[in-house]
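Shown next, in structure tokens, is the structure this report addresses.
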Amino acid sequence: MVCVAHIDAEAIPTYLSNVFQITYRVFTFITNAVILRYITSDVLGIINVRLALLYSTDTFVSVEAFRRAALGVTESSTWRQAINLVWLSVPVSAAVSAALAGLWLHALSQPAPEVTSEYRLGVWVTAAMVVLETAAQPLVILAQAMLFVKLKVVADMVTLCSRVALKAWLIALYPSHAIWAYCVGHAVSSALLVVIYYGTLLWHVRSPDNCLPVKSASELGPRLVPGQPVSAAGGRVLHDLLRAMSLLCLVAVTFGWSYSHLLLRLYGGALLTAGPAVSLLRAQCAYVLLLAVNGVLECYTFAVMRQEQING
208 MVCVAHIDAE AIPTYLSNVF QITYRVFTFI TNAVILRYIT SDVLGIINVR LALLYSTDTF
268 VSVEAFRRAA LGVTESSTWR QAINLVWLSV PVSAAVSAAL AGLWLHALSQ PAPEVTSEYR
328 LGVWVTAAMV VLETAAQPLV ILAQAMLFVK LKVVADMVTL CSRVALKAWL IALYPSHAIW
388 AYCVGHAVSS ALLVVIYYGT LLWHVRSPDN CLPVKSASEL GPRLVPGQPV SAAGGRVLHD
448 LLRAMSLLCL VAVTFGWSYS HLLLRLYGGA LLTAGPAVSL LRAQCAYVLL LAVNGVLECY
508 TFAVMRQEQI NG
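Residue numbering for the sequence shown follows the working numbering, beginning at 208 and increasing consecutively.
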């Protein structure tokens, strides 16, 4: 059962999540501009496209289904059943990571010979870090279900910022080993994520004021929060949000299409404008529009569905 005092304490920093997301993207934008001064666009593409795509794909395939199923457990289910279900994601993640790593190494075109060895290292490190982060999913789900908003914000801030900052610092020191720098930053951030969740929640379990629904580490499991249909006022908010997001993204598409070349010229110089980067940035503007609309429509979908439909 979620204690009221904990919810009151966590309600204040909820807005920090949005602030952090914006700050993190600005920070990443700036560090990428700095990194471009030390490495080529091909190496940056390997890091920010190939390896990042491997990480996001591996994480989604390995974890998302288990996370949704665990958070959608009915009231008659036990905590132990939910935690056992989530732990199944670890062997699944290992198998999926190995399969995707093989696909990235053998099915996709290989990079330049001078970075091939580090590229292989980057692929395997990325796959291994997904498995490591999956091992923390039971505690991540518990924190999410128990509304530990502050813990999530702090964990995301520490891990993501440390990954970007450490990567940029190592690349500035060793520009010829950029992929190696990415591997170090990713490994450190993943280890920090696991340590933060395990350390914080195990401390709560052993605390005399423990308000978690578990008494020991072996009883970890998500807290179920039954969904409630939205009111008419809530529907109006979602409608206004969809309209506002659509207008903002249409503005981004309109100006992004016209000024993509100028922006890339100012950001990375002739190095970025010579290739297909302009077309990719224009496509990204349209993708942001679709992504924003999809997110709001997903809110509508889950708002009108009954709990039985969501669980099914």
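Glycine included, every Cβ here is placed at the ideal spot set by N, Cα and C. Only a predicted model underlies this, so the values are computations on that prediction, with no experimental measurement involved.
Contact between the segment 346 to 362 and the segment 377 to 391 is absent: fewer than 3 CB-CB pairs across the two stretches fall below 8 Å. With a cutoff of 8 Å on beta-carbon distance, Leu261 and Val330 are scored as near each other. DSSP places Ser304 inside the alpha helix (DSSP H), whose first and last residues are Ser296 to Gly309. In the DSSP assignment, Met353 falls outside any alpha helix (DSSP H), carrying neither H nor E. Comparing alpha carbon positions, the residue from Ala451, Leu488 and Gly475 closest to Phe462 is Leu488.
Annotation for Ser324: the continuous alpha helix (DSSP H) segment containing it runs Pro320 to Thr341. Beta-carbon to beta-carbon, Val460 and Ala493 are separated by about 6 Å, close enough to satisfy the 8 Å threshold. CA-CA distance, Glu325 to Ala335, rounds to 15 Å. Here Leu243 has Gly475 as same chain residues with Cβ atoms under 6 Å from its own Cβ, once five neighbours each way along the sequence are excluded. Burial state of Val270 is buried, judged by a 10 Å Cβ sphere holding 16 or more other Cβ atoms.
When DSSP states are grouped into helix, strand and coil, Leu454 belongs to the helix group.
Cβ contact annotation for Gly392 (same chain, cutoff 6 Å, sequence separation greater than five): Arg370, Leu373 and Lys374, in chain order. The alpha-carbon of Thr407 is positioned some 45 Å away from that of Leu478. In the same chain as Ile378, and ignoring 5 residues on each side of it, the C-beta atoms closer than 7 Å to its own belong to Ile242, Tyr245, Ile246, Ala385 and Ala388, in chain order.
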